[in-house]
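Read through the structure below, which is laid out as structure tokens, and then see the notes.
Listed below in structure tokens is the structure:
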């Protein structure tokens with residue numbers, strides 16, 4: 049189908065799990081991908097097969113004054129065709145949501161229902177036909193449910209009403225079943241990042257290794273980067289039509305290449321669909337298939353309709369109903385599981401409790417009240433808060449990254465605020481929402497939410513909650529400081545990072561638990577970033593050293609936070625012209641990120657560009673170009689050509705070609721980078737950086753006036769955002785003065801040359817006259 053707004057990327061869905069209730073010693077190292085010798089997908093059938101099919105045509109029924117401009121024509125019929133196919137293929141449960149049924153909450157609820165009942169040998173297929181969007185400013189990707197106002201100029205509403213790919217990732221991540229297939233018939237932008245996860249503390253290593261080896265998750269996207277997904281009147285969505293033709297056992301020309309009656313997603317379906325769609329659209333649309341896990345497994349479809357048997361009864365397909373007393377009992381069990389650190393079981397049981405609670409009549413919900421003063425909404429808020437807390441704990445326990453944000457925790461926190469939570473729960477909800485908005489790049493919104501959380505937290509005087517209150521305050525102050533830094537509010541950043549956060553960290557400096565130590569490590573790294581941004585490079589080295597020491601105190605260097613510290617050390621060394629140390633630090637950061645996230649991870653791009661810059665300063669242009677092109681190859685696999693990261697790479701390529709004396713090529717890349725920055729940021733330091741680079745190019749070409757104009761624009765923007773005393777502003781001002789001096793010298797030289805030419809001409813004329821005079 050043709051979409052008027054672009055997008056959708058599905059990203060990282062991986063492993064995890066925990067089955068044992070006993071605790072083992074903590075293992076923090078990330079495990080390498082495990083090759084599977086076989087996969088349950090090849091046994092011939094799944095225990096049970098679930099399908100959720102979403103189709104949305106009439107967005108105008110929800111969006112005010114939309115006049116049907118965003119409506120589609122074939123999404124609903126495509127979803128109906130897919131649902132019909134799954135029923136004929138003997139799926140035990142097929143959920144079909146059309147138009148106004150397909151709200152964000154309803155889609156997530158159906159995924160939660162599958163999460164609550166699915167076992168490891170079950171298959172889930174999630175199909176979505178509708179709009180997908182990439183946010184204009186932050187480039188995050190979203191599926192657009194029926195109730196999402198998706199005006200591209202209002203990016204932050206997408207987080208509230210859209211289904212971000214991070215949210216879909218985390219829901220899938222926390223499921224029990226080994227086999228998941230995501231079919232997205234909407235515009236696609238970006239690529240899947242196969243991030244690895246660490247072993248849950250409560251899961252035996254042999255069980256975890258088996259889980260990794262057998263887990264199989266695939267995503268199949270309708271189109272490639274920047275391509276719209278097309279629809280034909282006689283066939284509906286071209287992508288969906290090709291999938292159905294590929295899985296049609298009654299057709300000779302299907303995806304079953306070896307004619308064994310079975311179609312494997314990786315080995316057969318992806319290739320068939322890509323070739324078929326590309327042919328039908330004359331190459332304008334090329335589907336992409338991604339395995340979201342590095343194993344040898346595959347997902348299988350049996351072409352013989354009804355061949356597989358599903359013995360599940362209707363009662364097994366939905367969470368069992370509970371009485372109020374059963375809900376109380378199961379909720380107590382959730383708390384016990386959480387205390388024992390068996391978070392996966394706790395999370396699954398909590399979903400069952402919550403769904404059962406929501407299904408109760410209001411009168412029966414009243415029986416769950418803790419005392420006569422409580423309201424039903426408060427119990428509702430308590431359950432949502434627990435879902436958010438468990439979601440965050442699962443992601444924190446499983447992820448190799450050091451980030452605290454969680455899309456799922458943010459989703460539940462937003463819902464929690466609608467049901468009159470307790471003051472402490474309300475403060476935690478604002479903190480989680482603020483952390484998530486910070487991670488999304490919405491720094492102004494993050495600042496507002498985090499400040500609300502801080503105000504409420506400061507009112508908490510309960511002695512039992514003081515430590516937890518201070519932990520949350522530390523996170524809030526740290527993120528407020530980093531938000532201020534991103535918004536160029538250096539005084540605010542200093543207050544939050546060097547006063548508020550630092551004082552809280554020192555208050556608990558003797559707390560040597562891993563959580564406390566990691567939080568200090570993050571804080572010290574952020575303080576180092578503050579000093580880098582403000583030009584205090586000696587202070588930056590000191591705080592980065594403290595951060596690295598905290599990380600190493602647990603004997604685990606191989607984590608994402610350590611890579612970030614090494615990268616920042618490299619930035620300091622590069623500024624100090626210590627190119628040997630800069631290279632060593634940047635390469636250390638790359639090695640860790642490649643070990644954790646793979647050789648094509650976007651996390652390596654910034655370090656690659658800095659290495660290119662090191663070689664550029666050393667005039668080793670061949671290596672400078674090599675690393676810039678490596679960054680470009682990774683970025684083009686993940687981002688659209690209009691992404692700011694692409695602009696950064698184009699700027700670096702322009703600088704390298706400029707030093708090579710290839711001015712025309714350099715000008716092309718620098719102008720391209722400037723155009724993207726102007727469109728995306730307007731008057732912004734990123735745009736100033738592009739103006740400065742272009743100004744230096746024109747100076748090399750001795751186009752003095754053009755050079756001065758560009759450098760002046762860069763200086764004006766930098767003085768507005770960074771002040772004239774900032775080292776970046778000073779550098780540009782120095783370059784401008786030097787250029788003006790060079791222009792003046794060139795002008796003097798030009799005049800001297802003109803005078804010499806005139807003098808020589810007069811001498812020639814005089815000599816000629818002397819020769820012809822009698």
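Numbering (the numbering used here), first residue to last: 49 to 822. Beta carbons are placed, not taken as given, at the ideal position from N, Cα and C, and that holds for glycine.
| Query | Result |
| --- | --- |
| Beta-carbon spacing of residue 514, residue 218 below 8 angstroms | no |
| DSSP bridge partner residues for residue 144 (one or two, in chain order) | 101 |
| Collapsed DSSP secondary structure at residue 266 in the structure displayed | strand |
| Residue of 348, 142 and 438 minimising C-alpha distance to residue 384 | 438 |
| Neighbour-count burial assignment, residue 225, 16 or more Cβ in a 10 Å radius | buried |
| Alpha helix (DSSP H) runs contained entirely in the region 571 to 619, provided each spans 4 or more residues | 585 to 600 |
| Of the residues 286, 652, 118 and 143, the one placed nearest residue 636, counting alpha carbons only | 652 |
| Buried versus exposed, by CB contacts within 10 Å (16 or more), residue 367 | buried |
| C-beta atoms of residue 469 and residue 504 nearer than 8 angstroms | no |
| Cβ-based neighbour list, residue 571, same chain, cut-off 6 angstroms, excluding 5 preceding and 5 following | 526, 549 and 553 |
| Residue 306, buried or exposed, once every other Cβ within 10 Å from all chains shown has been counted against 16 | exposed |
| Cβ neighbour criterion (16 or more within 10 Å) applied to residue 400 | buried |
| Best match in 95, 122 and 94 for proximity to residue 104 [C-alpha to C-alpha] | 122 |
| Where the alpha helix (DSSP H) containing residue 699 begins and where it ends | 692 to 707 |
| The region 181 to 190 contacting the region 126 to 134, beta-carbon criterion three pairs below 8 angstroms | no |
| Separation of residue 796 from residue 724, as counted between CA atoms | 38 angstroms |
| Same chain, Cβ closer than 6 angstroms to residue 634, neighbours up to 5 away in sequence not counted | 618, 655, 658 and 659 |
| Rounded C-alpha distance that separates residue 146 from residue 102 | 6 angstroms |
| C-alpha gap between residue 624 and residue 587, whole angstroms | 13 angstroms |
| Residues near residue 677 by beta carbon distance below 8 angstroms, same chain, minus five either side | 701 |
| Burial state of residue 430 (16 or more Cβ within 10 Å) | buried |
| Delimiting residues of the alpha helix (DSSP H) encompassing residue 382 | 372 to 387 |
| Cβ distance (whole Å) where residue 311 is taken to contact residue 351 below 8 angstroms | 6 angstroms |
| Start and end residues, beta strand (DSSP E) containing residue 190 | 189 to 191 |
| Nearest-angstrom Cα separation, counted from residue 445 out to residue 638 | 23 angstroms |
| Residue 792 burial status per 10 Å Cβ neighbour count (16 or more: buried) | exposed |
| Limits of the unbroken alpha helix (DSSP H) element including residue 812 | 775 to 820 |
| CB of residue 391 within 8 angstroms of CB of residue 441, strictly | yes |
| Cα-Cα separation between residue 314 and residue 229, rounded to whole angstroms | 11 angstroms |
| Classification of residue 176 by the beta-carbon crowding that lies within 10 angstroms, buried from 16 upward | buried |
| Limits of the unbroken alpha helix (DSSP H) element including residue 227 | Here residue 227 belongs to no alpha helix (DSSP H); instead the beta strand (DSSP E) covers 227 to 233. |
| Straight-line Cα distance separating residue 415 from residue 427 | 11 angstroms |
| Beta-carbon spacing of residue 607, residue 448 below 8 angstroms | yes |
| CB of residue 529 within 8 angstroms of CB of residue 774, strictly | no |
| Local Cβ density within 10 Å of residue 628, reported as buried at 16 or more and exposed below that | exposed |
| C-beta atoms of residue 787 and residue 752 nearer than 8 angstroms | yes |
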